Amino acid sequence: MRLATDPAARRRLAFLVAAGLAALVAGIAAGAGDDEQPDPVRAQQQPQRELLEAVDRLSLSQQVGQLTISSFPGTAAPAYVRRRLRAGETAGVILFGPNGGPPQQWRRLTGSLQRASRQGALVMVDQEGGEIRTVDWAGPVAGQPSQGGPDSVRRAWESTARQLRAAGINVNLAPVADVPEGAAPVMGSRSFAGDAEGVAARTRAAVEGMSSAKLASTAKHFPGLGRASVNTDDGSAVVGGGLARDLIPFGAAVDAGVPLVMLSHALYPTIDRRRIASQSPMVIGLLREELGFEGVVVTDSIEAQAVLDRSGIAAAAERSLRAGADLILMTGSASWNEVHPRLVARARRSPAFRERVRRSAARVLELKRFLGLRLPGSRVP
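Shown next, in the form of structure tokens:
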């Protein structure tokens with residue numbers, strides 16, 4: 088839905104969120120005893136038939152592979168990463184500062200990843216600006232709070248996108264769309280300046296700037312970490328109260344066509360008292376149903392302490408996919424060895440989970456198509 092920024096629009100959003108949540112909670116609670124709930128996404132939001140057909144030409148191991156992002160140490164892709172890419176058993180990689188170096192080194196690394204993948208690889212970085220820059224020679228030089236108004240933000244992100252694409256990177260896990268509030272908001276140093284409407288305008292500008300250079304952006308951390316005082320990388324966090332203001336920037340990102348939305352690992356008791364956002368069908372239903380997002384839903388790092396406080400990474404990955412997430416972000420180099428076999432085993436046992444895998448894999452293929460990548464086992468150009 089399209090979100091305006093006037094007070095009436097904000098009141099309307101609050102009403103829609105409350106009504107939508109009530110319906111979602113009632114629908115999900117009605118089958119709470121059944122572990123295999125239907126996908127919360129409506130029929131009109133299902134992946135295109137041609138992409139589902141492309142997924143059906145893959146093995147189950149390859150379908151599950153399209154839902155995982157791998158990582159590795161060093162400046163060259165190890166043999167095990169090249170093997171996964173070649174076999175289609177991972178959708179791509181997330182890279183960090185120690186993986187790269189000067190521009191030619193980044194190009195050499197990303198080129199080797201694409202050559203290893205017969206299907207085309209997602210190559211991700213965290214490039215928010217300021218100190219949060221995986222590629223230290225690329226922009227934005229200023230952190231998000233200091234990037235100026237929407238026009239300035241759009242120009243900065245368009246320039247950054249061209250730099251990252253030239254380095255062989257096709258997905259940026261930015262911008263931060265959180266609205267910081269409270270005495271010590273953990274995202275205060277990483278969020279855009281302004282109130283909810285100001286953050287929304289800048290978020291939209293960042294998404295549009297990156298899209299203009301064919302770089303896939305990611306709005307994070309849904310449904311909003313602005314009031315959290317703990318980084319979920321370091322520990323469990325609870326975000327209380329209503330979410331109408333928090334959702335305004337995410338609505339703007341969806342309106343702007345953001346390709347990915349990253350889920351928070353915080354707990355939001357007003358939506359789901361038991362499950363953190365990355366494992367909550369109610370939270371993901373809010374994103375799909377109320378905000379109308381049809382792209383790829385990615386988790387924050389599955390190794391975050393807020394996740395580990397509740398379970399191991401393999402169980403967490405399964406819970407996230409069952410809830411409606413599409414892509415599991417693994418920042419530990421050995422995590423794939425735990426996550427992938429468990430997800431394959433679950434998909435073999437459960438037709439409902441297998442269908443979840445199928446639909447999510449199709450969304451990932453749609454993202455790859457947007458980026459001009461080869462598609463696994465597909466005739467889709």
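For the sequence shown, the tail end lands on 468 under my numbering, and the numbers increase by one without skipping. Heads up, the beta-carbon is just placed ideally off N, CA and C, and yes, glycines get one too. All figures in this text were calculated on a predicted structure; none of them were measured in a lab.
Which residues in the same chain have their Cβ closer than 8 Å to the Cβ of Thr162, if we skip the five residues on either side of it in sequence?
-> For Thr162, where only same-chain residues beyond five positions count, the Cβ hits under 8 Å are Pro185, Asn186, Gly187, Gly188, Gln192, Leu196.
For Ala306, which of helix, strand or coil comes out of DSSP?
-> Note: Ala306 maps to strand in three-state DSSP.
Going by Cα to Cα distance, which pick from Arg252, Asp413, Ala324 is closest to Leu354?
-> Looking at the Cα atoms, Ala324 is the closest of the given residues.
Specify the secondary structure class of Ser407 as computed by DSSP and reduced to three states.
-> Helix, per DSSP.
Would you call the region 365-378 and the region 297-304 touching, i.e. three or more CB-CB distances under 8 Å?
-> In short, these stretches do not touch, since the Cβ pair count stays below three.
What are the start and end residues of the beta strand (DSSP E) that includes Thr197?
-> In the DSSP assignment, Thr197 falls outside any beta strand (DSSP E) and lies within the alpha helix (DSSP H) extending over 190-203.
Does the Cβ of Ala271 have 16 or more other Cβ atoms within 10 Å, making it buried, or fewer, making it exposed?
-> Around the C-beta of Ala271, fewer than 16 other C-beta atoms lie within 10 Å, and the residue is accordingly described as exposed.
With DSSP run on the structure shown, which of helix, strand or coil describes Glu381?
-> Correct three-state label for Glu381: coil.
Residues near Arg129 in its chain [Cβ-Cβ closer than 6 Å; skip 5 each side] = Low confidence applies here, because Arg129 scores a pLDDT of 41, under 50, leaving its location unreliable and the question unanswered by this model.
Assigned secondary structure, Asn318 (DSSP; H/G/I helix, E/B strand, else coil) | Coil.
Pull up the DSSP beta-bridge partners for Gln214, would you.
-> Under DSSP, Gln214 takes part in a beta bridge, and its partners are Arg220.
Cα separation between Leu138 and Val168?
-> If I take the Cα positions, the gap works out to 25 Å.
Sequence-distant residues of its chain with Cβ nearer than 8 Å to Arg171 (five each side left out) | In chain order, Gly152, Ser157, Thr177, Trp423 place their CB closer than 8 Å to the CB of Arg171, counting only its own chain and leaving out the 5 sequence neighbours on each side.
Going by alpha carbons, who is nearest to Gln214 out of Leu251, Gln150, Gly281, Ala300?
-> Closest by C-alpha distance to Gln214, out of Leu251, Gln150, Gly281, Ala300, is Leu251.
Under 8 Å between C-beta atoms of Val266 and Asp333 | Pairing Val266 with Asp333 gives a Cβ-Cβ distance under 8 Å.
Helix, strand or coil at Gly179 [DSSP, three-state] | Strand.
Ile389, DSSP secondary structure in three states | Here Ile389 sits in coil by DSSP.
Which same chain residues, not among the five before or five after Ser388, have their C-beta less than 6 Å away from its C-beta?
-> Contacts found: Leu416, Thr418.
Cα-Cα separation, Ala421 to Leu395 = Taking the straight line joining both Cα atoms gives about 15 Å.
Taking contact to mean at least 3 C-beta pairs separated by less than 8 Å, is the region 275-292 in contact with the region 238-257?
-> Contact holds: three or more Cβ-Cβ distances are below 8 Å.
Residue interval of the beta strand (DSSP E) (run including Ile256) | Following the DSSP letters along the chain, one finds Ile256 in no beta strand (DSSP E), marked with neither H nor E.
Assigned exposure category for Val228 - 16 Cβ within 10 Å defines buried = Looking at its Cβ environment, which holds fewer than 16 other Cβ atoms inside 10 Å, Val228 is exposed.
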